[in-house]
Amino acid sequence: MTATTFLDTPQGRRIAYHRTEGQGPCIVFLGGLKSDMEGTKAVHLEAWARARGRAYLRFDYSGHGESSGSFEVGCIGDWHEDVLAAVDGLAGAPLVVVGSSMGGWQALLLARARPQRIAGMVTIAAAPDFTEDGYWARFTEDQKTALDRDGQVEMPSDYMEPYIITRRLIEDGRNRLVLRDPLRLPFPVRCLQGTADTAVSTATALRLLDHADCDDMRLLLVKDADHRFSDGPCLTLIEAAIDDILS
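Counted from 1, the sequence shown has number 208 at position 207 by our numbering; the numbering is strictly sequential.
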């Protein structure tokens with residue numbers, strides 16, 4: 002295992018990363034909310050890429066893993082800035098972007114900001130606009146009042162400790178929505194979604210498929226796979242999706 006390296010962003014944040022040199026396009030893994038670059042998918046794909054001589058980048062958003070900052074003060078826009086700093090400073094071009102959960106939203110934001118850099122995209126339980134359509138839409142009136150009064154509320158999770166959801170996360174998310182306006186993806190896209198996912202529904206995956214303007218976009222629904230999508234068969238499906246993009 003190589004030592005963690007750090008990148009200082011234009012916003013003054015310090016981003017931890019691991020970069021594997023190799024043949025392009027560079028595969029960039031974008032993790033989920035409160036996930037880090039030591040997760041099963043991120044580390045597995047690094048080994049997979051290295052074995053094939055492929056360039057690969059995994060990193061922690063600010064407030065995640067080894068990067069600077071606190072999760073509770075971050076928002077979608079901050080993490081988008083982290084993504085731009087990482088791909089602009091570390092990845093070269095072109096890119097194959099692999100986005101998991103919130104990383105799927107970040108991948109779509111990257112496509113909007115740097116479409117010319119991307120050769121292809123793989124999403125895994127992509128969660129675009131989840132702050133609005135997931136959290137805000139399901140908040141009770143009491144939770145909305147608490148968010149306004151206290152600046153945060155606590156939300157349970159089926160996959161880890163409860164999340165602290167802040168007013169800043171909700172309000173900033175409204176400026177980053179991708180399912181309300183045209184979403185042009187001028188490259189091949191492969192979407193993977195488990196039917197047993199309790200964090201992101203198949204309806205979200207179908208909505209993204211229907212909404213995006215893309216000439217080569219496919220959605221694979223995997224029966225009984227959950228949000229982690231990280232057991233052996235699911236990892237093999239991720240590999241196959243990347244291979245399909247690269248070919």
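Don't be surprised by glycine CBs; every beta carbon is placed ideally from N, CA and C.
- By a beta-carbon distance limit of 8 Å, serine 69 does not contact tyrosine 62. Their separation comes to about 10 Å.
- Pro129 is the residue among Val223, Pro129 and Ala138 whose C-alpha sits nearest the C-alpha of valine 179.
- Per the Cβ contact rule, the segment 3 to 23 is not in contact with the segment 96 to 106 (fewer than 3 Cβ pairs under 8 Å).
- Under the DSSP assignment, methionine 156 falls in the beta strand (DSSP E) whose first and last residues are 153 to 156.
- Just so you know, the alpha carbons of cysteine 192 and isoleucine 125 end up roughly 6 Å apart.
- Comparing alpha carbon positions, the residue from Ala127, Thr6 and Leu209 closest to aspartate 198 is Ala127.
- Inside the segment 97 to 153, DSSP marks whole beta strand (DSSP E) runs of 3 or more residues at positions 119 to 125, from first to last along the chain.
- Under DSSP, cysteine 215 takes part in no beta bridge, so it has no partner.
- In this chain, the alpha helix (DSSP H) harbouring aspartate 79 covers 77 to 87.
- Between alanine 52 and the set Asp37, Gln24 and Val29, the nearest pair of CA atoms involves Gln24.
- For glycine 25, the enclosing beta strand (DSSP E) begins and ends at 24 to 31.
- Counted as a single uninterrupted DSSP element, the beta strand (DSSP E) harbouring arginine 59 occupies residues 55 to 60.
- Ranking Ala56, Cys76, Lys145 and Glu133 by CA distance to the CA of histidine 65 puts Cys76 first.
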